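Engineer: Have a look at this one.
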Amino acid sequence: MQARRSIRAHVEQPFDPKYGESRSESRSESPMTPRIRHRRTLLRCSLVTLAGWAVLWLAWYGWLEGIVDSAASDGVGAAALVDLIEARRAVDPAWEEPGHALWVGRTVMTRLGLLWMFLVVGVLAFIHRRPLVRRAKAYLTEPDAPLNLAILRITTFGALLLIPAGREEFLIHASLPEAILFPPSGIGPLLTFLIPDPFTARLILGAWITTTAMAMLGLLPRPATIASTLLTLLVLGIPQLHGKVNHAHHLVWFALLLATSPCGDVLSIDRWIRRRRPAPRSDLRYGLPLRITWLLLGMVYFFPGVWKLWTGGLDWIFSEHLRNQIWHQWTTHANWEPVLDPTGHPWLLRMGGLGVVVFEMSFVLLMFRRSTRIVALVIGLLFHLANLLTLNIGFVSLMAIYPCLIDSPRLLSRLGLRSTTVGIPRGTGPPPRTSLIPIVVTGAVLLVGNGWYGIRGDNYGWPFACYPKFGYPIREPVRTVLEFEFIDPDGGVERGSFATGRGPLRTARWIGTVKRVLKMPPGPGRDEALIVLAELAAGSRPLGGVARFIRSDYSTRPDDRGEPPLRSRTIAEITLGATVDRPAPS
Numbered sequence: 007m008q009a010r011r012s013i014r015a016h017v018e019q020p021f022d023p024k025y026g027e028s029r030s031e032s033r034s035e036s037p038m039t040p041r042i043r044h045r046r047t048l049l050r051c052s053l054v055t056l057a058g059w060a061v062l063w064l065a066w067y068g069w070l071e072g073i074v075d076s077a078a079s080d081g082v083g084a085a086a087l088v089d090l091i092e093a094r095r096a097v098d099p100a101w102e103e104p105g106h107a108l109w110v111g112r113t114v115m116t117r118l119g120l121l122w123m124f125l126v127v128g129v130l131a132f133i134h135r136r137p138l139v140r141r142a143k144a145y146l147t148e149p150d151a152p153l154n155l156a157i158l159r160i161t162t163f164g165a166l167l168l169i170p171a172g173r174e175e176f177l178i179h180a181s182l183p184e185a186i187l188f189p190p191s192g193i194g195p196l197l198t199f200l201i202p203d204p205f206t207a208r209l210i211l212g213a214w215i216t217t218t219a220m221a222m223l224g225l226l227p228r229p230a231t232i233a234s235t236l237l238t239l240l241v242l243g244i245p246q247l248h249g250k251v252n253h254a255h256h257l258v259w260f261a262l263l264l265a266t267s268p269c270g271d272v273l274s275i276d277r278w279i280r281r282r283r284p285a286p287r288s289d290l291r292y293g294l295p296l297r298i299t300w301l302l303l304g305m306v307y308f309f310p311g312v313w314k315l316w317t318g319g320l321d322w323i324f325s326e327h328l329r330n331q332i333w334h335q336w337t338t339h340a341n342w343e344p345v346l347d348p349t350g351h352p353w354l355l356r357m358g359g360l361g362v363v364v365f366e367m368s369f370v371l372l373m374f375r376r377s378t379r380i381v382a383l384v385i386g387l388l389f390h391l392a393n394l395l396t397l398n399i400g401f402v403s404l405m406a407i408y409p410c411l412i413d414s415p416r417l418l419s420r421l422g423l424r425s426t427t428v429g430i431p432r433g434t435g436p437p438p439r440t441s442l443i444p445i446v447v448t449g450a451v452l453l454v455g456n457g458w459y460g461i462r463g464d465n466y467g468w469p470f471a472c473y474p475k476f477g478y479p480i481r482e483p484v485r486t487v488l489e490f491e492f493i494d495p496d497g498g499v500e501r502g503s504f505a506t507g508r509g510p511l512r513t514a515r516w517i518g519t520v521k522r523v524l525k526m527p528p529g530p531g532r533d534e535a536l537i538v539l540a541e542l543a544a545g546s547r548p549l550g551g552v553a554r555f556i557r558s559d560y561s562t563r564p565d566d567r568g569e570p571p572l573r574s575r576t577i578a579e580i581t582l583g584a585t586v587d588r589p590a591p592s
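Below, the structure written as structure tokens:
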């Protein structure tokens, strides 16, 4: 009887002619598809991460917040915590406010949450290490079209020709006195020995413009890209030596990759002259530089996103910080008015802050598929456009690289374009004969170097650096401004701000240089640097006058624009034309 029932049950199962077996057997025995496995792994990672964050914040708001508040407000509770807060108050007045201790506590909990997230990701990566290694290998060894690499060449060297540091800034900084040299880490100390005289600087600038234009146009692309890259390290590096690093590092990284790759095989004067047809077929030598470029582009965003949470905690998102940050940025521009003003909408600021952190930390994850790279391109352009309209921060040289995220032959062929000379939809010629070793070595150095600087959060380096973090929350709508006051020999007084860009340096350069000088320890070196700054700011003013350096605090609220400072104090005073007596060498 049991045998008859089992036979009947088997016969009643629907038969699937495609697989020659019953559907129930097919479904039960079929392996899980990779897409489902990936989704389940991602869901598992997200749930475990969120559970850890939930435990941390339940512990904070249910228990730890009250302990910290009691210790900071009333000096009662855990003796070790009370002693720690008192020790901090002895060296930092900010700790006098109990809210500061609570912010530090929330930041510590955020850091624990980040560490928990990285631990979960690391454990899951170890468990699934074999498929991850296979996917990484497939990603890095995927061939690509020569047209995509040629577009990266054109945008990279074209952007180099447009940034200010490659023109007047190089000549200005090459002529500044040694007293205000503050070389960044990396090759900064080496560049201090390579600062040219004014005549040589003009020759170098001319050679750099010529070779960079040749590299962009593809005229003798291999020697032109190598020469332009080496000169770029000098031309963009010299302006970084005086206290303020401007972050155009990505152009140097991509130029280095292009100098080691066959980036001039299409869309180049060199190819047009030699009339090579058809375009080379897709190859790893075109694909690997592009994929390393995408990873470096992701690192530009990833580390600032992590540091926002590490240094500011969730307060970076869910406090008044973003409003104060926007107001702070507005005060750095004397005559600029924002196109977008979100400061009157707290919910919009919170959503924007959350969106910024999520975008920056996830951008690199979008680099591994063609479809998600398009998503990254669209969101990235919107992100930078919003920054430009709200903060007057453009990062145009970064947006100029975004076309490399598009598979141009695929897009152009869908639009109906065909060209065998540039490889649309694909090339059929022989692949390049260049070696992969220079690309691999250069890419490894760039990834490791930038990873090290990003982990340390060091944004004062050249040619490696962590990009601007904007991490520490601005808790009050107050900005400290460095000002100067000139007192002429006849008693006339004039007061101005270094934020206006007075002198031969750009505004941001001025502020960075002055801050570095004022942080120097007392002594002849600091006195000499102050004299140099005073003379640069004074210009043609008569000798014998007095220049005072003043630190003033201004309200950044839009309604307070033009109001006198909340408080001011003189931090240095120099007589124009004075000299510094240095001790004789023993």
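Numbering (the working numbering), first residue to last: 7 to 592.
Just so it is clear, CB atoms sit at the ideal spot from N, CA and C, and this is done for glycine as well.
This one's a predicted model, so the numbers in the text were calculated from it and none came from an experiment.
#1: How about G194 and W468: do their beta carbons lie closer than 7 Å?
#2: Between G518 and A544, what straight-line distance do the alpha-carbon atoms span, to the nearest angstrom?
#3: Compute the beta-carbon to beta-carbon distance between A165 and V272, rounded to the nearest angstrom, for a pair I have assumed lies under 8 Å.
#4: Could you give the C-beta distance for P284 and G433, rounded to a whole number, given that I count them as a contact under 8 Å?
#5: Note down, in chain order, each residue of its chain lying with its Cβ closer than 6 Å to the Cβ of P431, except the 5 sequence neighbours on either side.
#6: Is the number of C-beta pairs between the region 213–226 and the region 489–501 that are closer than 8 Å three or more?
#7: Between which two residues does the alpha helix (DSSP H) harbouring Y307 extend?
#8: Have a look at L187 and K250 and give me their C-alpha separation to the nearest angstrom.
#9: Would you say V88 and A100 are within 7 Å of each other, going by their C-beta atoms?
#10: Tell me whether F389 is buried or exposed, calling it buried when 16 or more other Cβ atoms sit within 10 Å of its Cβ.
#11: I'd like to check one pair, G551 with D494: are the Cβ atoms closer than 7 Å?
#12: Which residue marks the beginning of the beta strand (DSSP E) containing L187, and which one marks its end?
#13: Taking only the alpha-carbon atoms, compute the straight-line gap between E102 and A382 and give it to the nearest angstrom.
#14: Between which residues of its own chain and L296 is the CB-CB distance below 8 Å, once the five residues before and five after are set aside?
#15: For V428, is the classification buried or exposed, using 16 other Cβ atoms within 10 angstroms of its Cβ as the cut-off for buried?
#16: Tell me whether E366 is buried or exposed, calling it buried when 16 or more other Cβ atoms sit within 10 Å of its Cβ.
#17: Is S36 helix, strand or coil by DSSP?
#18: Indicate whether the contact test is met: 3 or more Cβ pairs, each with one atom in the region 264–280 and one in the region 325–337, closer than 8 Å.
#19: Are the CB atoms of P571 and D559 nearer to each other than 7 Å?
#20: Okay, do the region 107–125 and the region 366–377 touch, 3+ Cβ pairs below 8 Å being the bar?
#21: Who are T486's beta bridge partners in DSSP?
#22: Have a look at E92, G386, L262 and flag the residue whose alpha-carbon is nearest the alpha-carbon of M405.
#23: In chain order, what residues of the same chain have a beta carbon less than 7 Å from the beta carbon of R501, not counting five sequence neighbours either side?
#24: Are the CB atoms of Y473 and P310 within a distance shorter than 7 Å?
#25: Indicate the three-state DSSP secondary structure (helix, strand or coil) for V251 in the structure shown.
#26: Spatial neighbours of S36 within its chain, please: C-beta separation below 8 Å, excluding the five flanking residues on both sides.
#27: Give the straight-line distance between the Cα atoms of W129 and A553, rounded to the nearest whole angstrom.
#28: For the alpha helix (DSSP H) that T396 lies in, which residues bound it at each end?
#29: Drop a sphere of 10 angstroms on the beta-carbon of V363, count the other beta-carbons inside from all chains shown, and report buried for 16 or more, exposed for fewer.
#30: Using three-state DSSP, classify P437 as helix, strand or coil.
#31: Expressed to the nearest angstrom, what Euclidean distance is found between the alpha-carbon atoms of L395 and I480?
#32: When we look at the beta-carbon of K525 and count the other beta-carbons within 10 Å, is it buried (16 or more) or exposed?
#33: Considering only residues of the same chain and omitting the five flanking positions on each side of L70, which have a CB-CB separation below 7 Å?
#34: Does F124 come out as helix, strand or coil in the three-state DSSP assignment?
#35: Keeping to the same chain, check which residues put their C-beta closer than 7 Å to that of M115; ignore five residues upstream and five downstream.
#36: Suppose the cutoff is 7 Å on Cβ atoms and the five residues either side in sequence are ignored; what does the same chain contact list for L200 look like?
Structural biologist: According to the data block:
#1: Taking 7 Å as the Cβ cut-off, G194 and W468 qualify as a contacting pair.
#2: The straight-line gap from Cα to Cα measures roughly 18 Å.
#3: At roughly 20 Å, the Cβ-Cβ gap does not stay under 8 Å, so A165 and V272 are not in contact.
#4: 6 Å
#5: P415, S419
#6: no
#7: 290–318
#8: 10 Å
#9: no
#10: buried
#11: Cβ atoms of D494 and G551: closer than 7 Å.
#12: For L187, no beta strand (DSSP E) run applies, since DSSP gives it neither H nor E.
#13: Computed Cα separation, rounded: 44 Å.
#14: D150, N154, L155, L158, C410
#15: V428 is buried by the Cβ-count criterion.
#16: buried
#17: Residue confidence for S36 is low, a pLDDT of 45 falling below 50, so the modelled location carries little weight and cannot support an answer.
#18: no
#19: yes
#20: no
#21: D559
#22: G386
#23: E489, E491
#24: Cβ distance < 7 Å, so P310 and Y473 count as in contact.
#25: coil
#26: Residue placement at S36 is flagged as unreliable, the pLDDT there being 45, under the threshold of 50; a coordinate-derived value is accordingly withheld.
#27: What sits at residue 129 in the sequence shown is Val, not Trp. Straight-line Cα distance between these residues: approximately 60 Å.
#28: 376–397
#29: buried
#30: Three-state DSSP puts P437 in coil, outside helix and strand.
#31: Cα to Cα, the separation comes out at about 21 Å.
#32: Around the Cβ of K525, a 10 Å sphere holds fewer than 16 other Cβ atoms; the residue is exposed.
#33: G111
#34: helix
#35: L62, W63, W66
#36: L240
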